[in-house]
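Step one of this worksheet: look at the structure below.
There are 2 protein chains.
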Amino acid sequence: MSGRLLIVEDDPRLGPIMRDVLAASWETELRASAEAGIDAVLSHGYDAIIVDRRLPGMSGEELVRELRRRKVGTPILMLTALGELHDRVAGLDAGANDYLVKPFEFEELSARLRALTRDYTRPDEGVAIGSWTFHPLDQCIDSPYTGRVLLTEVEAAFLAVLAAEPERTFSREYLLSAVFPRGESPTTVETYVHYLRRKTDRDLIQTIRGSGYRLGTPA
Amino acid sequence: MSGRLLIVEDDPRLGPIMRDVLAASWETELRASAEAGIDAVLSHGYDAIIVDRRLPGMSGEELVRELRRRKVGTPILMLTALGELHDRVAGLDAGANDYLVKPFEFEELSARLRALTRDYTRPDEGVAIGSWTFHPLDQCIDSPYTGRVLLTEVEAAFLAVLAAEPERTFSREYLLSAVFPRGESPTTVETYVHYLRRKTDRDLIQTIRGSGYRLGTPA
DNA sequence: GGGCTTCCTCACGCTTCCCTCACGGCCCCG
DNA sequence: CGGGGCCGTGAGGGAAGCGTGAGGAAGCCC
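Chains D and A supply the protein sequences, listed in that same order. Under the numbering used here, the first residue of the first sequence carries the number 149, and numbering increases by one thereafter. Under the numbering used here, the first residue of the second sequence carries the number 149, and numbering increases by one thereafter.
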């Protein structure tokens with residue numbers, strides 16, 4: 149199982165087929181409209197997304213643009229019946245990472261997904277967060293001033309999610325589903341923000357009132 | 149100029165053409181064999197690599213595999229005359245990030261390179277308002293002089309409406325119905341103009357007496 | 001088994017924000 | 001120059017969102 153995959157496809161035949169075929173190697177989820185897709189991404193988080201270019205209402209391209217605008221960095225593969233050059237260019241420039249023309253073979257789709265989600269840079273050196281250095285594998289975080297602080301498993305997982313995309317603001321629901329797979333109480337998020345802030349410093353995690361939390365120093 | 153690009157291509161006609169065409173947006177370098185390509189990568193570092201699948205001696209696929217084995221994470225686009233499915237799958241599984249079949253159009257090659265090297269984590273540029281830069285999603289506004297100011301939800305929504313059409317003068321009623329869906333008191337508009345002016349500077353929003361408000365830069 | 005850490009829930013209290021209102025100043029017109 | 005409509009500004013009530021401490025349940029190590 150390579151991770152979580154979202155498919156945004158309104159074709160009532162192709163959608164379910166893709167979902168079922170790819171279910172062999174992915175935890176797949178299917179949505180039939182761009183709006184539903186955005187909702188899903190913002191509240192759950194995926195490792196890859198397949199988007200049909202032609203969707204009822206908001207198009208696949210607009211969907212991609214909206215997600216990129218919201219700083220969602222998840223790899224996106226765009227799917228289309230149109231093989232024209234300018235369509236492909238437009239799709240890629242909207243923010244898609246790859247482009248596949250229908251009809252396609254599932255084996256190629258699988259290979260492209262694998263290529264998109266491969267992670268070549270698994271840093272062991274740690275991630276910089278403000279003046280701190282976070283070591284996900286060692287579950288600790290260093291400061292040049294106050295030294296090293298050990299984190300618990302959940303604290304480290306929580307911070308890792310935020311650190312994966314430092315510029316992005318994560319909603320409460322996203323964090324909840326990303327860190328706590330079973331539906332925990334929403335206030336748990338606040339508690340762990342509190343723990344991390346107490347262990348490090350108050351400004352490590354920023355509150356965006358009404359939206360969620362994000363890392364670091366906007367000032 | 150998007151960065152440094154390495155082309156590994158032995159075709160004495162196609163290689164130089166690619167190098168010259170892509171030189172418009174990349175600092176390009178050309179190598180004619182896999183071995184020379186590996187040398188170049190290990191000693192220089194690039195932001196993207198184009199590899200022909202068919203090369204004299206060591207193949208493009210082996211080249212990719214070797215680079216990945218050495219933990220080189222640079223995005224690689226593979227190029228080939230072979231359009232067969234199993235070739236494409238093999239190329240991607242070797243570690244290439246994308247695959248383009250000859251003959252191709254340069255515009256698509258460019259678009260795919262752009263897609264491969266795009267950095268989603270860089271902060272978006274925001275909307276310019278006078279000397280300020282407004283970031284709707286982050287709910288903040290930057291000034292080169294006084295730094296960043298955080299806005300509340302309603303303040304940001306209010307400013308977003310004005311910024312959508314910077315040249316337009318918005319009536320009080322329009323702003324009221326656009327920002328405050330339920331019919332709020334008309335003076336609320338004045339209050340939020342006031343909040344925004346206090347947080348930024350007096351000239352950010354201009355009063356058009358008898359008509360409404362518009363964004364700065366009067367002339 | 002006892003004491004410790006960790007994980008998660010809950011409820012109280014506080015901060016922040018939203019919106020209203022009333023007063024006072026400014027501008028333009030008569 | 002005086003008056004009336006417009007607009008700016010400060011204070012404040014109410015509510016939503018968030019922070020924080022206490023505490024119970026479960027696992028771990030002695």
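Glycine is no exception: its CB is placed at the ideal position from the N, C-alpha and C atoms.
In whole angstroms, give me the CA-to-CA distance for residue i and residue j.
i	j	result
Arg-236(D)	Gly-208(D)	12 Å
Ala-259(A)	Ala-196(A)	13 Å
Ser-279(D)	Leu-307(D)	15 Å
Pro-284(A)	Leu-264(D)	30 Å
Val-337(A)	Ile-289(A)	19 Å
Asn-245(A)	Lys-347(D)	40 Å
Glu-131(A)	Glu-183(D)	Nothing about residue 131(A) can be read from this structure; chain A reaches only from 149 to 367.
Thr-222(D)	Glu-313(A)	31 Å
Glu-397(D)	Arg-262(A)	Lying before the first or after the last residue shown, residue 397(D) is absent from chain D, which here runs from 149 to 367.
Thr-317(D)	Val-341(D)	14 Å
Leu-363(D)	Glu-315(D)	7 Å
Leu-185(D)	Ser-181(A)	The sequence as given places Gly at residue 185(D); Leu does not occur at that position. For Gly-185(D) and Ser-181(A), the distance between alpha carbons rounds to 44 Å.
Thr-355(D)	Ala-305(A)	18 Å
Tyr-268(D)	Gly-243(A)	Here the model assigns Tyr-268(D) a pLDDT of 49, short of 50, so the residue's position is not dependable, and the following value carries that caveat. Tyr-268(D) and Gly-243(A): Cα-Cα distance of roughly 9 Å.
Phe-252(A)	Asp-159(D)	30 Å
Ala-326(A)	Thr-335(A)	15 Å
Arg-173(A)	Glu-255(A)	The sequence as given places Ser at residue 173(A); Arg does not occur at that position. Their Cα atoms are separated by approximately 12 Å.
Ala-311(D)	Leu-323(D)	12 Å
Glu-157(A)	Leu-203(A)	7 Å
Val-309(A)	Arg-266(D)	41 Å
Tyr-250(A)	Val-249(D)	The sequence shown places Lys at residue 250(A), not Tyr. Cα to Cα, Lys-250(A) sits roughly 16 Å from Val-249(D).
Glu-301(A)	Arg-357(A)	27 Å
Pro-164(D)	Ser-333(D)	32 Å
Ala-238(D)	Phe-328(A)	36 Å
Val-275(A)	Val-275(D)	30 Å
Arg-330(A)	Met-166(D)	43 Å
If we define contact as Cβ-Cβ less than 8 Å, is residue i a contact residue for chain A?
i	result
Leu-225(D)	no
Leu-240(D)	yes
Gly-274(D)	no
Gly-358(D)	yes
Val-237(D)	yes
Thr-176(D)	no
Ala-263(D)	yes
Thr-281(D)	no
Thr-294(D)	no
Thr-335(D)	no
Thr-339(D)	no
Rounded to whole angstroms, how far is the Cβ of residue i from the Cβ of residue j, which I believe are closer than 8 Å?
i	j	result
Met-226(D)	Val-199(D)	5 Å
Tyr-247(A)	Leu-257(A)	Contact flag wrong, Cβ pair sits at about 12 Å.
Ser-291(D)	Ser-319(D)	That pair is no contact at about 28 Å.
Does the beta carbon of residue i come closer than 8 Å to any beta carbon on chain D?
i	result
Glu-301(A)	yes
Arg-218(A)	no
Gln-287(A)	yes
Glu-256(A)	yes
Arg-260(A)	yes
Ser-191(A)	no
Ala-308(A)	no
Asp-349(A)	no
Ala-312(A)	no
Asp-246(A)	yes
Ala-229(A)	no
Going by other Cβ atoms of all chains shown within 10 Å of its Cβ, with 16 needed for buried, is residue i buried or exposed?
i	result
Gly-295(D)	exposed
Pro-271(D)	Residue confidence is low: Pro-271(D) scores 48 on pLDDT, short of 50, so the model does not pin down where it sits. Its coordinate-derived value is still stated next. The residue in question, Pro-271(D), is exposed, as its Cβ has fewer than 16 Cβ neighbours within 10 Å.
Leu-298(D)	exposed
Arg-350(A)	exposed
Thr-228(D)	buried
Lys-219(A)	exposed
Gly-193(D)	buried
Ile-353(A)	buried
Arg-217(A)	exposed
Asp-168(D)	exposed
Ile-277(A)	buried
Ile-155(A)	buried
Arg-161(D)	exposed
Gly-205(D)	exposed
Arg-201(A)	buried
Name the residue from the options whose alpha carbon lies nearest to the alpha carbon of residue i.
i	options	result
Asp-187(A)	Ser-173(A), Glu-214(A) and Pro-204(A)	Glu-214(A)
Leu-178(D)	Glu-255(D), Ser-191(D), Phe-282(D) and Leu-153(D)	Leu-153(D)
Glu-321(D)	Ile-155(D), Glu-183(D), Val-156(D) and Ser-191(D)	Ser-191(D)
Val-212(D)	Asp-286(D), Ala-305(D) and Ile-224(D)	Ile-224(D)
Tyr-293(A)	Thr-300(A), Thr-281(A) and Lys-219(A)	Thr-281(A)
Arg-345(D)	Tyr-361(D), Gly-274(D) and Lys-250(D)	Tyr-361(D)
Gly-151(D)	Leu-170(D), Gln-287(D) and Arg-201(D)	Leu-170(D)
Tyr-343(A)	Arg-330(A), Phe-328(A), Glu-303(A) and Ser-333(A)	Glu-303(A)
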